[in-house]
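These notes are about the structure you will find just below.
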């Protein structure tokens with residue numbers, strides 16, 4: 001009959017410019033797809049060179065090496081008798097495009113350029129690529145000589161076309177095109193395309209996965225059809241974690257779901273589906289059929305190949321499944337943990353060092369490392385040879401097998417409590433107990449001698465000795481003394497990261513982890529070049545509210561009882577002198593706002609694009625039960641003053657895992673000045689007018 005088609009999609013942990021590794025992972029995915037009977041294999045966006053090449057896309061080397069990898073793929077026996085759909089940059093008539101290259105049996109069938117480029121938030125595709133603007137138009141593309149020698153083709157079709165096989169019709173979308181209001185799959189479906197493909201480079205954001213799943217399912221709910229989505233996974237060299245979730249959907253229902261978080265470098269989904277189910281589904285949608293009769297047809301590339309077999313009556317087909325979403329706490333536990341693992345193994349370091357203060361933020365960071373250790377042990381238990389090889393290299397033991405997360409944590413994770421005369425015994429005890437429960441190698445040290453030495457240099461030079469405000473000093477003196485403590489902790493963190501393993505007779509160095517949350521960064525409640533300055537920060541894109549919920553999750557799922565006292569303690573920097581041995585300084589009192597308020601400000605400022613006046617207008621309604629308009633005005637003004645005064649700190653913010661859409665990351669996500677007129681005179685006058 002020729003009605004049951006078997007197709008494969010995948011999630012690959014590609015790495016920018018790692019052409020050798022990227023080729024190996026692509027070939028492995030094709031091998032797996034073929035072994036499961038697939039006749040078509042889809043891969044992630046720009047999988048050959050890796051999505052995150054950024055300005056390396058400008059380099060001719062990136063184009064050259066991508067074609068060299070394509071040559072290897074075309075020549076490989078693995079790619080025979082299966083339609084392969086791979087992603088790479090292509091230069092056509094001196095214009096650079098983000099393309100799919102679709103080939104079969106050493107012949108390129110079509111090069112399909114991306115039509116809608118992602119250019120918001122973390123994405124800058126218009127910087128490097130040009131969108132293909134010629135709808136339903138195909139041109140000749142002259143192949144490089146190294147490809148001509150393999151394919152025997154001088155030119156191949158380049159443009160907006162679809163593939164017509166012996167049994168069906170396929171059309172490609174690329175990532176952003178699914179999210180566009182005029183997605184190509186709409187018109188393609190009306191023109192008889194039955195299988196839609198989407199190769200993505202879509203990153204993780206808390207609570208985002210359902211949106212992607214809903215879009216894929218809705219793409220075929222109205223119009224019928226099979227939708228196949230591939231995605232990048234892992235950390236490919238920057239702040240983003242690409243969260244897989246490869247999937248296959250038919251007629252509005254999911255039939256195959258890939259994992260969102262995994263240490264597997266290659267994950268392949270295969271589904272066998274009945275084309276007649278698509279045809280019968282479409283047959284009764286009269287509005288669709290009326291629209292289809294008027295559609296402008298796509299150029300069709302004829303392919304002498306079938307995705308089905310003649311004798312397929314006995315072939316079982318896939319049934320719909322219910323998509324299982326992670327809770328936000330599970331996402332925090334798994335996403336940053338996988339990101340840390342990629343960063344650790346690819347940087348070829350021997351582990352992490354974390355200044356562990358006994359507060360919520362550093363404790364949450366420690367729990368994420370502990371979760372990483374859990375994931376490593378689970379992957380090894382499930383037979384992941386890549387993870388085992390990486391773990392053995394990291395701990396410098398070729399016979400080692402990570403089985404116990406606490407034992408593995410001891411080998412790769414060092415925590416350090418850096419006490420001062422302003423530190424309480426409570427936080428010291430909390431840090432020590434948590435370190436014992438997760439198994440980290442824990443160090444206790446005192447920074448007072450270093451602080452006194454630095455302040456002493458100042459006193460010798462100036463003849464003045466600064467004092468804390470509780471001892472009669474000014475606010476300037478007190479703040480300077482707090483900052484000295486914070487910055488010395490950063491210096492010591494890097495010293496111990498470089499030499500702790502040396503002192504223990506072990507090879508390698510450690511990556512320093514930061515632990516400033518997204519709300520503190522937004523407000524600027526941190527010392528520039530303090531312990532927030534690190535190599536990477538797994539919680540820098542996560543709110544305090546979500547971190548508290550994550551801590552509760554760890555208490556319940558990892559049985560880390562030490563976290564209970566950490567949860568109940570008020571957040572404090574412990575930089576000012578104790579009063580009767582107790583902490584007198586708290587974060588929220590210092591900031592003049594609560595963490596819950598900060599989260600609201602952050603979402604309004606970034607996601608709702610609200611300046612001071614618009615934020616005031618929105619909050620007088622949101623907070624009408626708890627604040628007067630005058631109180632709202634005071635809060636909004638205070639936030640914008642503090643935000644603008646401290647914005648310069650974002651220019652040196654430690655690279656952080658991107659998890660929230662209101663992140664103040666200055667690198668490429670939240671592009672704003674760092675020298676403001678902090679009086680906001682015009683804006684605040686507008687607010688005052690409304691208050692009055």
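Residue numbers (UniProt numbering): 1 to 692. Glycine included, every Cβ here is placed at the ideal spot set by N, Cα and C.
- For residue 676, same chain residues with a beta-carbon under 8 Å away, outside a window of 5 residues either side, are 644, 645, 647 in chain order.
- Between the segment 650 to 664 and the segment 510 to 525, the count of Cβ pairs shorter than 8 Å is three or higher; the stretches touch.
- The alpha-carbon separation between residue 49 and residue 70 amounts to approximately 10 Å.
- Closest by C-alpha distance to residue 525, out of 102, 587, 549, 318, is 587.
- Classified as exposed, residue 81 has fewer than 16 neighbouring CB atoms from the shown chains inside 10 Å of its CB.
- In this structure, residue 151 lies near residue 74, with their beta-carbon atoms less than 8 Å apart.
- When rounded, the separation of the alpha-carbon atoms in residue 530 and residue 394 is 28 Å.
- Nearest C-alpha to residue 161 among 191, 427, 660, 422: 191.
- Annotation note: the segment 322 to 407 contains the following uninterrupted alpha helix (DSSP H) runs of length 4 or greater, listed N- to C-terminal: 328 to 347, 360 to 381, 385 to 395.
- Going by beta carbons, residue 229 and residue 246 fall inside the 8 Å limit.
- For the pair residue 25 and residue 591, the Cα-to-Cα distance works out to about 48 Å.
- Annotated as proximal: residue 550 and residue 332, with beta-carbon spacing under 8 Å.
- A contact between stretches requires three or more CB pairs, one per stretch, nearer than 8 Å, and the segment 404 to 421 meets this requirement with the segment 346 to 354.
- Below 8 Å, enough C-beta pairs join the segment 7 to 22 and the segment 38 to 58 to call them touching: three or more.
- By the Cβ test, the segment 91 to 105 is in contact with the segment 113 to 121, since at least three Cβ pairs between them sit closer than 8 Å.
- Contact between residue 377 and residue 398 fails: their C-beta atoms lie close to 18 Å from each other, not under 8 Å.
- Within 10 angstroms of the beta-carbon of residue 688 lie fewer than 16 other beta-carbons, which makes it exposed.
- Assigned with DSSP and collapsed to three states, residue 88 falls in strand.
- Counting of Cβ neighbours within 10 angstroms places residue 193 among the buried residues, the total reaching 16 or more.
- The Cβ neighbour count for residue 375, taken over all protein chains shown within 10 Å, is at least 16; the residue is labelled buried.
- A distance below 8 Å separates the beta carbons of residue 8 and residue 38.
- In the structure shown, residue 122 adopts coil according to DSSP, grouped into three states.
- Counting other Cβ atoms within 10 Å of its Cβ, residue 95 stays below 16 and is therefore classed as exposed.
- Our two residues, residue 163 and residue 213, have alpha carbons roughly 25 Å apart in a direct line.
- By the beta-carbon neighbour count (other beta carbons within 10 angstroms, threshold 16), residue 444 is exposed.
- Taking the CA atoms as reference points, residue 93 sits about 50 Å from residue 494.
- One thing to note: residue 342 has its Cβ no nearer than 8 Å to the Cβ of residue 409.
- In the same chain as residue 361, and ignoring 5 residues on each side of it, the C-beta atoms closer than 6 Å to its own belong to 515, 517, in chain order.
- Distances from the alpha-carbon of residue 437 to those of 488, 369, 401 put 369 closest.
- In the assembly as shown, residue 132 is a buried residue. Its beta-carbon has 16 or more other beta-carbons within 10 Å.
- Per DSSP, residue 612 is one residue of the alpha helix (DSSP H) stretching across 612 to 622.
- The Cβ-Cβ distance between residue 661 and residue 607 falls below 8 Å.
- Contact annotation: residue 200 and residue 231 have beta-carbon atoms nearer than 8 Å.
- The segment 163 to 173 makes contact with the segment 295 to 307, as at least three CB pairs between them are under 8 Å.
- The Cβ atoms of residue 465 and residue 459 lie closer than 8 Å to each other.
- Between the beta-carbon of residue 43 and that of residue 86 there is about 5 Å, and that keeps the pair under the 8 Å contact cut.
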